[in-house]
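Numbering of the sequence shown is given in our numbering, commencing with residue -17 and proceeding in unit increments.
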Amino acid sequence: MDTIIRPSADLRNHYSEISRQCRESRSAVIITVNGRGDTAVLGLQDYFQMKAELELLRALSEAEADVKGGRVAPIAESFDQLRASLLERKGDEV
């Protein structure tokens, strides 16, 4: 996919075309101001996918740091603590 670059005037005058390009090409359209990149326009589906992937990468990075830092526990112990916490919350709701 080639990068699509459009001047800012096109955003005002040809919004529906730019929106269609984003959806169909599944890539960002770069908007320029005075010939320099200023803004990236992205289809909503692609935005949500990118955001979910970024959140997953952050979680994986944190997990990797925990493993490297020795902040780990046996899975059975972790589930026991989680189960106890959930039961405690359930008891507080009654």
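Built from N, CA and C at the ideal position, the CB exists for glycine as well.
- prompt: The beta strand (DSSP E) spanning residue 15 covers which residue range?
  reply: By 1-based counting over the sequence shown, the position of residue 15 is 33. Per DSSP, residue 15 belongs to the beta strand (DSSP E) from 11 to 15.
Assess contact between the segment 9 to 25 and the segment -16 to -9, defined as three or more Cβ pairs (one per stretch) separated by less than 8 Å. Is contact present? yes
Margin query: To the nearest angstrom, how far is the alpha carbon of residue -3 from that of residue 34?
Written below: Walking along the sequence shown from the start, residue -3 turns up at place 15. Walking along the sequence shown from the start, residue 34 turns up at place 52. Roughly 26 Å between the two C-alpha positions.
Three-state class that DSSP yields for residue 18 in the structure shown
Locating residue 18 in the sequence shown gives position 36, counting from the first residue. Looking at residue 18 - three-state DSSP - the assignment turns out to be strand.
Q) Residue ranges of each alpha helix (DSSP H) run of no fewer than 4 residues wholly in the segment 42 to 76, ordered along the chain? A) 57 to 75
Taking the continuous alpha helix (DSSP H) assigned at residue 5, which residues delimit it? Looking up residue 5 in the sequence shown gives position 23. Segment -3 to 7, the alpha helix (DSSP H) holding residue 5.
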